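Protein chains: 2
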Amino acid sequence: MLTLKVELGARSYPIYIGKQLLGDAELLHPYIYGNSAVIVSNETVAPLYLQQVETMLSGIRHTAVILPDGEKYKNLDILNRIYTAMLENHLDRNTTVIALGGGVVGDMAGFAAASYQRGVGFIQIPTTLLSQVDSSVGGKTGVNHALGKNMIGAFYQPRAVIADIHTLHTLPDRELSAGLAEIIKYGLIGNADFFSWLEQNMHALLAKDEAALSYAIEVSCQTKADIVAADERESGKRALLNLGHTFGHAIENAMGYGQWLHGEAIAVGMAMAATMSAQMHTLSQADVQRIDNLLARANLPTRPPADISSEQFLSLMSVDKKVIDGVLRLVLLHGIGNAVVSSDYTPAQLLDAINTTAKNSAEPAMHNSQQDNRHKDHDHA
Amino acid sequence: MLTLKVELGARSYPIYIGKQLLGDAELLHPYIYGNSAVIVSNETVAPLYLQQVETMLSGIRHTAVILPDGEKYKNLDILNRIYTAMLENHLDRNTTVIALGGGVVGDMAGFAAASYQRGVGFIQIPTTLLSQVDSSVGGKTGVNHALGKNMIGAFYQPRAVIADIHTLHTLPDRELSAGLAEIIKYGLIGNADFFSWLEQNMHALLAKDEAALSYAIEVSCQTKADIVAADERESGKRALLNLGHTFGHAIENAMGYGQWLHGEAIAVGMAMAATMSAQMHTLSQADVQRIDNLLARANLPTRPPADISSEQFLSLMSVDKKVIDGVLRLVLLHGIGNAVVSSDYTPAQLLDAINTTAKNSAEPAMHNSQQDNRHKDHDHA
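Written out as structure tokens, the structure is:
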């Protein structure tokens with residue numbers, strides 16, 4: 003087992019990465035302060051792992067809230083089910099919310115923890131690659147609004163993150179790829195060597211090689227932990243983590259939450275940011291090709307859906323949280339491993355980038371990844 | 003104009019108390035950081051004061067969200083209207099939410115500010131006595147859940163509180179009395195001299211004498227500011243501010259939010275806490291009588307509604323936020339001006355206190371206050 007730490011003063015917390023961490027009661031108990039807990043999970047993950055987490059809670063009064071699975075359920079109505087279950091079970095201010103699942107479960111459970119009785123304890127047990135490398139670390143919690151993704155939420159740090167690599171063996175390939183999108187992002191924004199490592203090891207990652215996954219998760223979590231420690235509330239450097247996200251959120255919103263996985267949408271977003279960077283001459287065309295190739299090898303789409311118009315794209319991007327005083331700040335690339343936050347572009351340049359990527363819209367990667375999912379081909383290699 | 007300060011390090015903020023503060027743009031502008039703002043108000047207050055606040059926002063892009071008036075609308079559904087309006091107006095992370103109204107508006111606007119895009123600016127402009135002396139100060143925000151009051155929320159401090167005494171001239175007498183309940187609370191929990199002052203000046207307060215109101219608001223805000231500075235997140239001393247609230251929340255919940263005003267319910271709660279304290283021999287019967295008399299002179303009820311059974315009372319009290327690991331902690335009195343948080347009582351003693359006050363249930367004060375409201379007798383003296 004490997005332990006990383008997110009350094010946030012009194013709110014610092016550990017990230018445990020390893021095998022067979024689920025079921026280890028001694029690992030969990032120090033982070034349960036009161037005499038009760040609630041596990042929040044979903045219909046897909048609960049049948050696989052709920053019992054193991056319940057075993058970890060022996061001696062602690064606990065209950066479970068099982069949500070429907072999917073991004074489209076990440077809203078206030080479903081959130082209210084968590085509050086209702088907690089109140090029906092008379093859980094008090096000393097209780098602890100445990101998120102067992104992927105990013106959607108973690109975001110909702112985290113916001114429930116942040117807001118139930120104005121804040122109770124929170125522990126993340128991420129079971130998808132995306133949540134292990136990204137959403138479980140850093141304290142962003144919340145739900146979607148019909149008019150924008152993640153528009154309602156809080157910065158609320160967990161007491162601990164427990165990432166059990168073994169849970170990835172039950173992860174559908176399409177979701178594995180979605181997680182790889184965020185891993186590729188860490189290479190793009192600040193670590194060219196890691197990007198090269200990913201080019202060399204994509205085959206092993208897709209084959210769920212444990213050593214490769216463990217290394218990729220470690221580098222990703224360490225990168226995120228360092229950035230969050232430096233800028234918890236995203237007033238500066240943390241915005242780099244949004245590479246591809248403003249484009250990606252527009253796709254998720256336009257297509258309806260849940261049609262595209264978050265990782266798929268931000269894969270396209272990163273390809274669009276790369277294209278825009280190349281048109282602004284801060285990234286070589288060769289590097290755009292490397293990025294496109296790596297995303298495609300991870301079975302990720304690199305082109306937006308053909309049915310989103312440029313106008314719709316611009317409109318949806320303008321409600322993103324990256325808008326400050328009316329100016330949309332984008333994360334662009336000055337080379338692989340060197341991302342910058344910039345509002346130094348013209349509307350025409352943004353429109354041009356949207357049109358250029360949309361024009362190439364062939365969706366082969368997306369098509370493949372959907373096929374994978376239909377086949378439930380769990381051993382992709 | 004008088005300025006108090008809530009000392010919370012980087013999150014410290016001023017409370018301005020005075021006349022004709024509404025309309026003073028120079029007072030407000032330093033607390034608007036971005037180039038946009040949203041005013042949250044209700045159907046009762048907006049026709050009276052919205053225009054003045056809009057005048058204060060000249061040069062700043064602003065919009066208004068007008069909510070229905072009343073505690074029963076303090077829920078997630080109505081909260082969502084605020085988010086929707088903010089998104090429709092493309093308000094970004096640099097925006098500021100301004101609460102214009104009483105406690106319900108302040109609680110909802112505050113939680114919207116805390117959670118919109120994970121937190122934006124917040125300013126309180128309280129227009130009721132209760133919100134000026136209590137709810138606008140200290141950062142408690144949130145909404146009710148069908149199963150419990152204020153169960154969903156956040157600690158989120160405003161950037162400034164602007165309390166204009168002139169707004170009290172349009173306040174219905176019933177709501178004036180509700181505010182007096184919280185003012186009496188400050189005397190009871192820690193300031194016997196102020197309690198005596200209230201006994202001598204209740205007539206002036208009910209007559210809306212500006213000097214008397216100003217003094218009562220100042221002492222109340224200073225008391226609250228000191229307690230909040232010492233214990234922002236209610237891990238200790240701040241719990242004293244809940245005198246009467248656990249009993250009161252049970253009444254509000256049982257009667258349906260909005261039937262009883264919050265101040266009326268906690269007036270009864272304080273009378274019940276006093277009765278229980280007397281039965282436990284920490285408060286004299288003479289002091290119970292002084293408390294009952296002062297509450298009655300403020301046109302507040304002192305007995306619970308006859309139709310809540312003791313069992314219902316106990317059940318509703320057990321979901322209160324004052325429950326820690328299954329033990330309900332009550333605020334009790336060791337004399338006027340000396341409140342303590344205690345779990346050192348038996349269930350039989352609590353039941354006895356509920357039965358004793360309920361037995362005397364005559365509701366004369368409540369009856370009077372409702373009559374006042376029907377008559378819309380705005381100049382009570």
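Chains A and B, in that order, are what the protein sequence lines are.
Heads up: the first sequence begins at 3 in our numbering, then just goes up one per residue.
Heads up: the second sequence begins at 3 in our numbering, then just goes up one per residue.
Backbone N, C-alpha and C fix where the C-beta goes; we use that ideal spot for every residue, glycine too.
Values in this document were obtained by computation on a predicted structure and should not be read as measured data.
Exercise. With 8 angstroms set as the bound, which would you pick, yes or no: does the beta-carbon of residue 288(B) sit closer than that to a beta-carbon of chain A?
Worked result: Translated into the one-based positions of the second sequence, residue 288(B) becomes position 286. Not closer than 8 angstroms to any Cβ of chain A, the Cβ of residue 288(B) fails to qualify, so no.
For this session: Could you name the residues that DSSP lists as bridge partners for residue 124(B)?
Result: Here residue 124(B) refers to the residue found at position 122 of the second sequence. Paired residue(s): 99(B).
For this session: Please determine, among 43(B), 52(B), 10(B), 298(B), the residue with the shortest C-alpha to C-alpha distance to residue 182(B).
Result: Within the second sequence, residue 182(B) is the residue found at index 180, counting from 1. The shortest C-alpha separation from residue 182(B) is found at 298(B).
Exercise. Nearest to residue 84(B) by CA position, among 44(B), 19(B), 62(B), 59(B), is which residue?
Worked result: Within the second sequence, the letter at position 82 stands for residue 84(B). Among 44(B), 19(B), 62(B), 59(B), the Cα nearest to that of residue 84(B) belongs to 44(B).
For this session: Would you check whether the ligand NAP has a heavy atom nearer than 7 angstroms to the C-beta of residue 184(A)?
Result: Looking at this structure, you won't find the ligand NAP or any other ligand, since it has none at all.
For this session: In the DSSP assignment, find the unbroken alpha helix (DSSP H) run with residue 386(B) in it and report its ends.
Result: This structure cannot settle anything about residue 386(B), because the visible part of chain B is limited to 3 through 383.
For this session: Specify the secondary structure class of residue 341(A) as computed by DSSP and reduced to three states.
Result: Position 339 of the first sequence, counted from the first residue, corresponds to residue 341(A). Residue state, collapsed to three classes: strand.
For this session: Whole angstroms is fine: what's the gap from residue 382(A)'s alpha carbon to residue 191(A)'s?
Result: To locate residue 382(A), count along the first sequence from 1; it is residue 380. To locate residue 191(A), count along the first sequence from 1; it is residue 189. Caution is warranted here: a pLDDT of 28 is assigned to residue 382(A), below 50, making its placement in the model unreliable, and the coordinate value is therefore given only provisionally. The alpha-carbon atoms of residue 382(A) and residue 191(A) are separated by roughly 27 angstroms.
Exercise. Where residue 137(A) and residue 222(B) are concerned, what is the direct C-alpha to C-alpha distance, given to the nearest angstrom?
Worked result: Along the first sequence, read from residue 1 onward, the residue named residue 137(A) stands at position 135. Along the second sequence, read from residue 1 onward, the residue named residue 222(B) stands at position 220. Distance between the alpha carbons of residue 137(A) and residue 222(B) is about 43 angstroms.
For this session: Output, in chain order, the set of chain B residues within a Cβ distance shorter than 7 angstroms of residue 119(A).
Result: Mapped onto the first sequence, residue 119(A) falls at position 117. Those within 7 angstroms of residue 119(A) in chain B are 153, 323.
For this session: Output the distance between the C-alpha atoms of residue 125(A) and residue 99(A), rounded to the nearest integer angstrom.
Result: Within the first sequence, residue 125(A) is the residue found at index 123, counting from 1. Within the first sequence, residue 99(A) is the residue found at index 97, counting from 1. Taking the straight line joining both Cα atoms gives about 6 angstroms.
Exercise. Do the segment 281-301 of chain A and the segment 319-339 of chain A touch if we need at least three Cβ pairs shorter than 8 angstroms?
Worked result: yes
For this session: Apply the 10 Å Cβ neighbour rule to residue 35(B) and answer buried if 16 or more other Cβ atoms are within range, or exposed otherwise.
Result: To locate residue 35(B), count along the second sequence from 1; it is residue 33. Classification of residue 35(B): exposed, given that the 10 Å Cβ count is below 16.
For this session: Could you name the residues of the same chain whose beta carbon sits closer than 8 angstroms to that of residue 114(A), not counting the 5 residues immediately before and after it, in chain order?
Result: Counting from 1 along the first sequence, the entry for residue 114(A) is found at position 112. Here the set comprises 42, 81, 84, 85, 88, 99.
Problem set entry | Proximal residues to residue 129(A) (C-beta, below 7 angstroms), its chain only, five neighbours per side dropped | Looking up residue 129(A) in the first sequence gives position 127. Closer than 7 angstroms at Cβ, skipping near neighbours: 47, 51, 102, 103, 104, 169.
Problem set entry | Supposed contact pair residue 109(A) and residue 144(A) - C-beta distance, whole angstroms, cut 8 angstroms | Residue numbering aside, residue 144(A) sits at position 142 when the first sequence is read from its first letter. Residue numbering aside, residue 109(A) sits at position 107 when the first sequence is read from its first letter. The C-beta distance from residue 144(A) to residue 109(A) rounds to 6 angstroms, short enough to fall under 8 angstroms.
Problem set entry | Own chain, CB closer than 8 angstroms to residue 14(A), minus 5 neighbours either side, in chain order | Locating residue 14(A) in the first sequence gives position 12, counting from the first residue. Closer than 8 angstroms at Cβ, skipping near neighbours: 7, 8.
Problem set entry | Residue interval of the beta strand (DSSP E) (run including residue 229(A)) | Residue 229(A) sits at position 227 when you count from the first residue of the first sequence. Segment 212-232 is the alpha helix (DSSP H) holding residue 229(A); no beta strand (DSSP E) there.
Exercise. For a contact meaning CB atoms closer than 7 angstroms, what does residue 78(A) contact in chain B?
Worked result: Position 76 of the first sequence, counted from the start, is the residue given in the question as residue 78(A). The contacting residues are 78, 82.
For this session: Measure from the alpha carbon of residue 302(A) to the alpha carbon of each residue in 187(A), 10(A), 282(A), then state which is nearest.
Result: Locating residue 302(A) in the first sequence gives position 300, where the first residue counts as 1. When 187(A), 10(A), 282(A) are compared, the shortest CA-CA separation from residue 302(A) is found for 187(A).
Exercise. Quick one: any contact between the segment 246-261 of chain B and the segment 161-177 of chain B, if contact means 3 or more CB pairs under 8 angstroms?
Worked result: At 8 angstroms Cβ cutoff, the stretches do not touch.
Exercise. Quick one: is residue 67(A) buried, meaning 16 or more other Cβ sit within 10 Å of its Cβ, or exposed?
Worked result: The residue given as residue 67(A) occupies position 65 in the first sequence. Under this definition residue 67(A) is a buried residue.
Problem set entry | Straight-line Cα distance separating residue 328(B) from residue 348(B) | Within the second sequence, the letter at position 346 stands for residue 348(B). Within the second sequence, the letter at position 326 stands for residue 328(B). If I take the Cα positions, the gap works out to 14 angstroms.
Exercise. Looking at the unbroken beta strand (DSSP E) that takes in residue 43(A), where does it start and where does it end?
Worked result: What you label residue 43(A) is simply residue 41 of the first sequence in a count that begins at 1. Note, residue 43(A): beta strand (DSSP E), 38-44.
Exercise. What residue range is occupied by the uninterrupted beta strand (DSSP E) comprising residue 151(A)?
Worked result: For the purposes of this step, residue 151(A) is taken as residue 149 along the first sequence, with counting starting at 1. Residue 151(A) -> beta strand (DSSP E) spans 150-157.
For this session: Can you give me, in chain order, the residues of the segment 82-107 of chain A that have a beta carbon less than 8 angstroms from any beta carbon in chain B?
Result: 82, 85, 86, 89, 90, 92, 94, 95, 96
Exercise. On the three-state DSSP scale, how would you describe residue 209(B)?
Worked result: Locating residue 209(B) in the second sequence gives position 207, where the first residue counts as 1. Note: residue 209(B) maps to coil in three-state DSSP.
Exercise. Within the chosen definition, does the segment 16-34 of chain A reach the segment 56-71 of chain A through at least 3 CB pairs nearer than 8 angstroms?
Worked result: yes
Exercise. How about residue 315(A): is its C-beta nearer than 8 angstroms to some C-beta of chain B?
Worked result: Sequence index remark: in the first sequence, residue 315(A) carries index 313 (1-based). Output row for residue 315(A): interface = no.
For this session: Classify residue 5(A) as helix, strand or coil using the three-state DSSP reduction.
Result: By 1-based counting over the first sequence, the position of residue 5(A) is 3. It is a strand residue.
Exercise. Which runs of the alpha helix (DSSP H) fall wholly inside the segment 247-300 of chain B and span at least 4 residues, in chain order?
Worked result: 247-257, 264-281, 287-299
Problem set entry | Element boundaries [alpha helix (DSSP H), containing residue 15(A)] | Counting from 1 along the first sequence, the entry for residue 15(A) is found at position 13. Where residue 15(A) is concerned, there is no enclosing alpha helix (DSSP H), although the beta strand (DSSP E) around it starts and stops at 15-20.
Exercise. Of all Cβ atoms in chain A, is any one closer than 8 angstroms to the Cβ of residue 242(B)?
Worked result: As a first step, residue 242(B) is located in the second sequence; it is residue number 240 there, counting from the start. Judged by the 8 angstroms Cβ criterion, residue 242(B) is not in contact with chain A.
Exercise. Per DSSP, which one or two residues make a beta bridge with residue 163(B)?
Worked result: Within the second sequence, residue 163(B) is the residue found at index 161, counting from 1. Residue 163(B) pairs with 17(B), 126(B).
For this session: Please name the residue, chosen from 179(A), 193(A), 227(A), that lies closest to residue 205(A) on a Cα-to-Cα basis.
Result: Against the first sequence, residue 205(A) aligns to sequence position 203. Nearest C-alpha to residue 205(A): 179(A).
Exercise. Under the rule that 16 or more other beta-carbon atoms within 10 Å means buried, what is residue 161(A), buried or exposed?
Worked result: Translated into positions along the first sequence, residue 161(A) becomes position 159. Counting Cβ neighbours within 10 Å, residue 161(A) comes out buried, since at least 16 surround it.
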